[in-house]
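Undergrad:
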Amino acid sequence: MISLMHVGALVVPKLCHRKSAATSLSKPPQPPPPAVTVRRLSSKTQSRIIVRRLSKRAATDWFDHVFIVFNFIVILCQGRQVYEMLSTMVDPTKVVSYAVIVILYSVLSPCLIFINNIQTKYTLVCYVDALFSFTLSCGHPMFSVAIQGLELILINPNLVRDNRWTTETLLFARLFGITSPVDFFVKHVMHLSTYFTICRLANTSHSADSNKDQSSVLQRSQQNRVMRRLNLGVSSGLGVVCAILLGRCLLYREPCPSYCVSNMQPLVDLGCHCAYANINCHTLGIDDPTPLLDPRIIGTRLVYVQFSRCDLENGLNATSVVPFQQLTKIQVIFSNMSSWTGPLPASVNNILVQYSRLETIPHALLYDIPPELVTILIDAAPLKTIPDNVFNAWSFVQRLQLLNVSLTTFPNGILSMPHLTELNLRGNNITSMFPESAWPSPLTIAGLAGNGLKSVPWTAAKRGVNIDLSGNPIEDTTTLDAAELKLVHRRSVILDDTPYCNVTQDTTCKYKCAPSCFAFMVGDYFCDLACFTPACGFDKGDCDGFGFS
Numbered sequence: 001m002i003s004l005m006h007v008g009a010l011v012v013p014k015l016c017h018r019k020s021a022a023t024s025l026s027k028p029p030q031p032p033p034p035a036v037t038v039r040r041l042s043s044k045t046q047s048r049i050i051v052r053r054l055s056k057r058a059a060t061d062w063f064d065h066v067f068i069v070f071n072f073i074v075i076l077c078q079g080r081q082v083y084e085m086l087s088t089m090v091d092p093t094k095v096v097s098y099a100v101i102v103i104l105y106s107v108l109s110p111c112l113i114f115i116n117n118i119q120t121k122y123t124l125v126c127y128v129d130a131l132f133s134f135t136l137s138c139g140h141p142m143f144s145v146a147i148q149g150l151e152l153i154l155i156n157p158n159l160v161r162d163n164r165w166t167t168e169t170l171l172f173a174r175l176f177g178i179t180s181p182v183d184f185f186v187k188h189v190m191h192l193s194t195y196f197t198i199c200r201l202a203n204t205s206h207s208a209d210s211n212k213d214q215s216s217v218l219q220r221s222q223q224n225r226v227m228r229r230l231n232l233g234v235s236s237g238l239g240v241v242c243a244i245l246l247g248r249c250l251l252y253r254e255p256c257p258s259y260c261v262s263n264m265q266p267l268v269d270l271g272c273h274c275a276y277a278n279i280n281c282h283t284l285g286i287d288d289p290t291p292l293l294d295p296r297i298i299g300t301r302l303v304y305v306q307f308s309r310c311d312l313e314n315g316l317n318a319t320s321v322v323p324f325q326q327l328t329k330i331q332v333i334f335s336n337m338s339s340w341t342g343p344l345p346a347s348v349n350n351i352l353v354q355y356s357r358l359e360t361i362p363h364a365l366l367y368d369i370p371p372e373l374v375t376i377l378i379d380a381a382p383l384k385t386i387p388d389n390v391f392n393a394w395s396f397v398q399r400l401q402l403l404n405v406s407l408t409t410f411p412n413g414i415l416s417m418p419h420l421t422e423l424n425l426r427g428n429n430i431t432s433m434f435p436e437s438a439w440p441s442p443l444t445i446a447g448l449a450g451n452g453l454k455s456v457p458w459t460a461a462k463r464g465v466n467i468d469l470s471g472n473p474i475e476d477t478t479t480l481d482a483a484e485l486k487l488v489h490r491r492s493v494i495l496d497d498t499p500y501c502n503v504t505q506d507t508t509c510k511y512k513c514a515p516s517c518f519a520f521m522v523g524d525y526f527c528d529l530a531c532f533t534p535a536c537g538f539d540k541g542d543c544d545g546f547g548f549s
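In case it helps, UniProt numbering puts the sequence shown at residues 1 to 549.
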């Protein structure tokens, strides 16, 4: 008798066999995997691989070492430039923004060499170096120059007479010059750094394609790791020290007196270093401004100084200005000056005396004249006549302005000034000019407004001299030819408040708001009492700082 156990033993194998058969039909049999043949590299091939890896490591270490040395030198030069800017410039915005960029570069740039991927590190180093180097050597200075230039051209061309603006611009321009061998080295390193980083950036894509086999992560030597960390510590430390010194010189500086309008902020010396002093004796309640020029109070870096409403009957005391070896401009306004012994500091190149009692040219402007003196302005003084020997002493002066000084004849001595480019004789009683053929050849601007001239020197005008004849009784201007009309319309020849404008009513003409106050005198940063009237808007604020009511 066959039991169920025996039946199960006979049936189950068949069922299992059928199931496997069905499975084999649904999935075709896979071919066996190919046999793996392990090939043993020869000792020569192994040596080549080892040499290649060692070469990659050596090249990477060499790149790191060169970058560290080069980066450290550049950071030192940039730090030196920050030091010079703080010692020279008076605009804290430009200086602080430049210093912040240097600090960021000194802290961030050493971190780049910690990247192990060669291709990524090389690309980042090229881009970051090019960005920071160009910004610090070219971009930041160019942007600052553009701001200054646009402000002058588009906003107010009269800013050239604003002492504060010109002080800032002059000191900023000095940074572009070479002042010492160290400064020569610093500037050349910074510019060469920019050049090489831009060249390296231009070759980045080519280098990346040719070095794709070097994109692996390599094991660094112990010496290289130590050098990278040391570079990070030193460079970051320099950045931190620079930030601390910058904050110290800005926040803990000894305050300057109220008459110091612009001042420098050296990184180490925390004293007052005044660059432009505007001393109004009436406002300060004093008669003699000499004590205010004490170097212990304002330092020795004075560049511009203006005295207004001070007595100064005998001019400035020569000993009071001796300490200021960088002084370039002296302006005296509303004084009782009748003489000035001098001498002037050798660095002075601009002298302006307005509203004084001078009846003759003072000794300070005749003898021991500074060799750099290029501008002389005397306004509102009863000079009446000027001897020819005075102009011989001024032979190197380029800009001469004798305004409202009661001249009745044209000073022939002006013809002996071979370097004269700008002449202004506004507000006198001159009725005749010297022959046009005798005009100094360098002359490009002739201001003759407010005189008694009856003719236009067309020959000089057609030669390129800009001539202002406003307020003169010019005759025969109703029959101008095409060339003359063109000069008038583009204001190369200005005939405001003359018979020409009164008859033709030319749209280019401008009219006076008060007697002796021409349109160009309003808002020109010179206080003109003729324009200090309600009709002229009280000279558009030019006299606001003098305490008039």
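Ideal Cβ placement from N, Cα and C applies to all residues, glycine included.
1. Are the segment 90-99 and the segment 161-175 in contact at 8 Å, needing three or more beta carbon pairs?
2. For Phe526, count neighbouring Cβ atoms within 10 angstroms of its own Cβ and tell me buried if that reaches 16, exposed if not.
3. Between Val186, Leu238 and Gln331, which lies nearest to Ala277 when the distance is taken from Cα to Cα?
4. Could you round the C-beta distance between Asp124 and Val102 to whole angstroms and report it? I think they count as a contact, below 8 Å.
5. Where Tyr105 and Val145 are concerned, what is the direct C-alpha to C-alpha distance, given to the nearest angstrom?
6. Do Asn466 and Gly452 have their C-beta atoms within less than 7 Å of each other?
7. Which parts of the segment 72-143 are runs of the alpha helix (DSSP H), unbroken and 4 residues or longer, counting only runs that do not cross its ends?
8. Might you give, ordered along the chain, the residues of its own chain that have their beta carbon closer than 7 Å to the beta carbon of Ala438, omitting 5 neighbours on each side?
9. How would you write the range of the alpha helix (DSSP H) that Arg296 sits in, first residue to last?
10. Does the beta carbon of Ser549 come closer than 7 Å to any beta carbon on chain C?
11. Taking the straight line between their C-alpha atoms, what separation do you get for Asp496 and Gly471?
12. Three Cβ pairs or more, each shorter than 8 Å: is that satisfied between the segment 401-417 and the segment 365-378?
13. Out of curiosity, what's the CA-to-CA distance linking Cys513 and Phe520?
14. In this structure, does DSSP put Asp379 in helix, strand or coil?
15. Among Pro411, Thr300, Asp476 and Leu365, which one has its Cα closest to the Cα of Trp394?
16. Between the Cα of Thr508 and those of Phe518, Val488, Lys329 and Ser516, spot the shortest distance and give me the residue it belongs to.
17. So what does His273 bridge to, in DSSP terms?
18. Does the segment 268-286 come into contact with the segment 299-312, if we say contact requires no fewer than three beta-carbon pairs (one atom in each stretch) closer than 8 Å?
19. Tell me whether Gln148 sits in a helix, a strand or coil according to DSSP, three-state version.
20. Could you have a look at Asn280 and say whether DSSP puts it in helix, strand or coil?
21. Work out the CA separation of Asn71 and Lys187 for me, nearest whole Å.
22. Can you tell me the Cα-Cα spacing of Ile297 and Cys272, whole angstroms?
23. Using the beta-carbon count (16 or more within 10 Å), is Ser109 buried or exposed?
24. Between the Cα of Arg229 and those of Val107, Asn412 and Ile369, spot the shortest distance and give me the residue it belongs to.
25. Of the choices Pro382, Thr409, Gln81 and Cys501, whose alpha-carbon is the least far from that of Leu480?
26. Identify, in the order they occur along the chain, each residue of the same chain with its Cβ nearer than 6 Å to the Cβ of Cys256, setting aside the five sequence neighbours on each side.
27. Can you name, in chain order, every residue of its own chain whose Cβ lies under 8 Å from the Cβ of Ala535, other than the five neighbours on each side?
28. Alpha carbon to alpha carbon, how far is Arg80 from His191? Give it in angstroms, no decimals.
29. Are Val82 and Ser193 close, meaning C-beta to C-beta below 7 Å?
30. Quick check: what's the CA-CA separation for Val241 versus Leu443?
TA: So, to answer that:
1. yes
2. buried
3. Gln331
4. With the sequence shown as reference, residue 124 is identified as Leu, and Asp is not the correct amino acid for it. Incorrect: roughly 19 Å between the Cβ atoms, too far for contact.
5. Each residue's alpha carbon lies about 23 Å from the other.
6. Against a cut-off of 7 Å, the Cβ pair of Gly452 and Asn466 comes out as no contact.
7. 92-108 and 118-134
8. Around Ala438: Leu415.
9. Start and end: Pro295 to Ile298.
10. Chain labels in this structure do not include chain C; a single protein chain is all it has.
11. Going by the C-alpha atoms only, they are around 6 Å apart.
12. yes
13. 11 Å
14. strand
15. For Trp394, the nearest C-alpha among the options comes from Leu365.
16. Val488
17. Met264
18. yes
19. helix
20. strand
21. 15 Å
22. 7 Å
23. By the neighbour-count rule (16 or more Cβ atoms within 10 Å), Ser109 is buried.
24. Val107
25. Cys501
26. Asn263, Cys272 and Cys274
27. Cys513 and Ala514
28. Spanning the alpha carbons of His191 and Arg80 requires a straight line of approximately 14 Å.
29. Cβ atoms of Val82 and Ser193: not closer than 7 Å.
30. 54 Å
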